[in-house]
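Here the structure is laid out as C-alpha cells; the discussion comes afterwards.
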Amino acid sequence: MSENAKWYVAHTYSGYENAVKTAIEKFVANRNLEDMILRIEIPMESVTEVNEAGVMKEVERKVFPGYVLIKMVLTDDTWHLIRNIRGVTGFVGAENKAIPLSEEEVAALGVDKHEIVVMYHVGDTVKITEGPLASFNGTVEEIEPEKNSVRVMVSMFGRETPVELELDQVEVLS
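Residues in the sequence shown are numbered from 40 upward in steps of one, following my numbering.
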C-alpha cells in the first residue's frame, strides 16, 4: 500500500502545526498505521533576524504557517482520522476531496529530498545514462550538488560541447 502514498496538505489553526503533527504521529503509532501514513512534515526555513540592538540571531520559521504536509495513502479511514484531529480544519482541495501534490510541487518544496551520492569528481570520464545523449562519454567539468547538476564536456561532431545534466544521469567509466 505504501507505494500508493502521495503528499497531501492539511490546513490547521495557525500555531497548531506542531500539536497536529504530534497527534497524528500518536494515532499512527497507536493504530499501527505506519504503512498508511508514512511521513508528517512542517516545512521550515532558517532565517537570520536582526533585533533593535543589531544582534543577529538564527531562527527557524515555518514556510507555510497553518499547513502540515502528510505523505499517506488516502482512504476514507485515513481521511477521517486526519480530519478529526483537534486543530485540523480540513484538507487542501475541492469541497471534501483532498487533492495530492504533484511530484514537481513536492520537489519545489524540498520536502521529499533524495540524497544522491556522487561517485565521480571533476576531471573524471563519465558515460551519460539517460536523455537524448545517452551512451555519450564526456569529462566532468563542474559538479553542483545543491542544484542537482553536473556539467560534462561531450565531443559531438568533432567539437567539445558543454552539457548540463542531473547528477544521477551520468556514471563513472571504469
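From the three backbone atoms N, C-alpha and C, an ideal C-beta is built for every residue, glycine too.
Would you kindly work out how many angstroms separate the C-alpha atoms of I184 and G197, rounded to a whole number?
Here residue 184 refers to the residue found at position 145 of the sequence shown. Here residue 197 refers to the residue found at position 158 of the sequence shown. One point to set straight first is that residue 184 is Pro, not Ile, in the sequence displayed. Each residue's alpha carbon lies about 30 angstroms from the other.
When the distance is taken between beta carbons, is G105 closer than 8 angstroms to S53?
Locating residue 53 in the sequence shown gives position 14, counting from the first residue. Locating residue 105 in the sequence shown gives position 66, counting from the first residue. Yes, Cβ-Cβ distance for S53 and G105 is below 8 angstroms.
Considering only residues of the same chain and omitting the five flanking positions on each side of L148, which have a CB-CB separation below 7 angstroms?
Looking up residue 148 in the sequence shown gives position 109. Excluding positions up to five away in sequence, the list reads P82.
Pairwise C-alpha distance: G177 and E73:
Along the sequence shown, one-based indexing puts residue 73 at 34. Along the sequence shown, one-based indexing puts residue 177 at 138. C-alpha separation (whole angstroms): 44 angstroms.
Report the rounded CA-to-CA distance for Y159 versus V94, giving the unit in angstroms.
Looking up residue 159 in the sequence shown gives position 120. Looking up residue 94 in the sequence shown gives position 55. In a straight line, the C-alpha of Y159 is about 42 angstroms away from that of V94.
Measure the C-alpha to C-alpha separation of S213 and F175 and round it to an integer number of angstroms.
Indexing the sequence shown from 1 puts residue 213 at position 174. Indexing the sequence shown from 1 puts residue 175 at position 136. Using only the alpha carbons, I get a separation of about 15 angstroms.
Own chain residues within Cβ distance below 7 angstroms of V98, not counting five before or after
Counted from its first residue, the sequence shown places residue 98 at position 59. Closer than 7 angstroms at Cβ, skipping near neighbours: V86 and E88.
L172 to P201 span [Cα, whole Å]:
As a position in the sequence shown, residue 172 is number 133, starting the count at 1. As a position in the sequence shown, residue 201 is number 162, starting the count at 1. Distance between the alpha carbons of L172 and P201: 12 angstroms.
Helix, strand or coil: which one does DSSP assign to P171?
Stepping through the sequence shown from its first residue, residue 171 is reached at position 132. Of the three classes helix, strand and coil, the one that applies to P171 here is coil, per DSSP.
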